[in-house]
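Undergrad:
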Amino acid sequence: LVINRPDQVWCSDITYIPMKRGFLYLVAIMDWFTRKVLSWRLSNTMDVEFCIEALQDALMRYGAPDIFNTDQGSQFTTPRFTGILEERQIRISMDGRGRWLDNVFIERLWRSLKYECVYLHAFETGSELRAGLGRWIAHYNERRPHTALAGRTPDEAYHDVPTPSGPGLTPDQMANSNAVRRAA
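Last residue of the sequence shown: number 1020 in this note's numbering, and the count goes up by one each step with no gaps.
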C-alpha cells in the first residue's frame, strides 16, 4: 500500500504525561500522510471514553479515513471503539504486539511533544497541561515545517498547499509501515 494522500490512513496511540504532581494520559489521532494531529484528549484514567471522544471529534471535523491504525491496547480493541470504525466501513489495522515501530509517526510525535513541551514545564494542573499541549499542538500543526513534507507544515500538507518547488512527494512520504500494508 502506498500512502499518498490525507485521510487515507489515520493512527492513534496513548502516552503518559508527567506533571509536577501526578500524571495524565494523552491520546491523539494523527493523519499518517501529513503528520497532522487531528484530535487529542487528556484523561486521568486509561478507559476507552477519552479515546472514543477523540475519535468522534476527528470523524466529525475531518470525515473518515480509509484505514485506522493502532496498537493492540485494550482501548482500541474494545467493541465500543472498533464498532465506531466498522459502522463507517473504516478498515482496522493493528500493529504487531510490542512493535512500536509500526506506528513510528505518532511515536515520533510523542518524543517531540515531551522534549519540546512537557519536560520543559512543570505543569501543576490538568488545566495548565491542557493549555500548554494545545499551544504546542497548534504550533506543530500550523507553524512547524517538516522535512518529510518537503518543508511544509502538517496543515499545509493536509490542505495540499504546494511547496515552493511543487507538491511532489518526498522519499520519506513514499515509505510506509508494514502494519498498514497488512491492512490493505
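From the three backbone atoms N, C-alpha and C, an ideal C-beta is built for every residue, glycine too.
Give me whichever residues DSSP pairs with serine 875 in a beta bridge.
TA: In the DSSP output, where bridge partners are listed per residue, serine 875 has Ile865.
Undergrad: Measuring straight from C-alpha to C-alpha, what distance separates aspartate 996 and asparagine 840?
TA: Cα to Cα, the separation comes out at about 12 Å.
Undergrad: Rounded to whole angstroms, what's the CA-CA distance from alanine 993 to tyrosine 976? Just pull it up for me.
TA: In a straight line, the C-alpha of alanine 993 is about 12 Å away from that of tyrosine 976.
Undergrad: Report buried or exposed for threonine 881, applying the criterion of at least 16 other Cβ atoms within 10 angstroms of its Cβ.
TA: Per the 10 Å Cβ criterion, exposed.
Undergrad: In terms of residues, what are the limits of the alpha helix (DSSP H) holding isoleucine 888?
TA: Looking at the DSSP string, the run of the alpha helix (DSSP H) that includes isoleucine 888 is 885 to 898.
Undergrad: At a cut of 8 Å, does the region 861 to 874 reach the region 914 to 925 through at least three beta carbon pairs?
TA: They do not touch, by the three-pair rule.
Undergrad: Among Trp846, Ser910 and Ile850, whose alpha-carbon lies nearest the alpha-carbon of arginine 927?
TA: Of the listed residues, the one whose Cα sits closest to arginine 927 is Trp846.
Undergrad: Roughly how many whole angstroms lie between the Cα atoms of alanine 890 and tryptophan 876?
TA: Each residue's alpha carbon lies about 5 Å from the other.
Undergrad: What residue does the alpha helix (DSSP H) around isoleucine 973 start on, and which one ends it?
TA: Per DSSP, isoleucine 973 belongs to the alpha helix (DSSP H) from 962 to 978.
Undergrad: Can you tell me which of the three DSSP states isoleucine 942 falls into?
TA: It is helical.
Undergrad: Quick check: the Cα distance between tryptophan 936 and proline 998, rounded to an integer number of angstroms?
TA: Because the pLDDT of tryptophan 936 is 48, which lies under 50, any placement of that residue in the model is unreliable, and the number read from its coordinates should be weighed accordingly. Each residue's Cα considered, the two are about 32 Å apart.
Undergrad: Considering just the uninterrupted stretch of the beta strand (DSSP E) at leucine 906, what are its terminal residues?
TA: This sequence places threonine at residue 906; leucine is not what is there. Run containing threonine 906: 903 to 906, per the beta strand (DSSP E) assignment.
Undergrad: Taking the alpha helix (DSSP H) that aspartate 931 falls in, what are its first and last residues?
TA: Careful: aspartate 931 lies outside any alpha helix (DSSP H) and carries neither H nor E.
Undergrad: Nearest by alpha-carbon distance to methionine 896: which of Leu874, Thr989, Gln925 and Val863 is it?
TA: Of the candidates Leu874, Thr989, Gln925 and Val863, the one whose C-alpha sits nearest the C-alpha of methionine 896 is Leu874.
Undergrad: Phenylalanine 941 and arginine 871 look like a contact to me (Cβ under 8 Å); what is the Cβ gap, rounded to whole Å?
TA: Contact flag correct, Cβ pair sits at about 6 Å.
Undergrad: Which residues in the same chain as aspartate 843 place their Cβ atom closer than 6 Å to its Cβ, once the five residues preceding and following it in sequence are excluded?
TA: The answer, listed in chain order, is Pro901.
Undergrad: Expressed to the nearest angstrom, what Euclidean distance is found between the alpha-carbon atoms of arginine 980 and tryptophan 972?
TA: Their backbone Cα atoms lie some 10 Å apart in a straight line.
Undergrad: Please report the distance separating the alpha-carbon of tyrosine 951 from that of leucine 969.
TA: Going from the Cα of tyrosine 951 to the Cα of leucine 969 covers about 12 Å.
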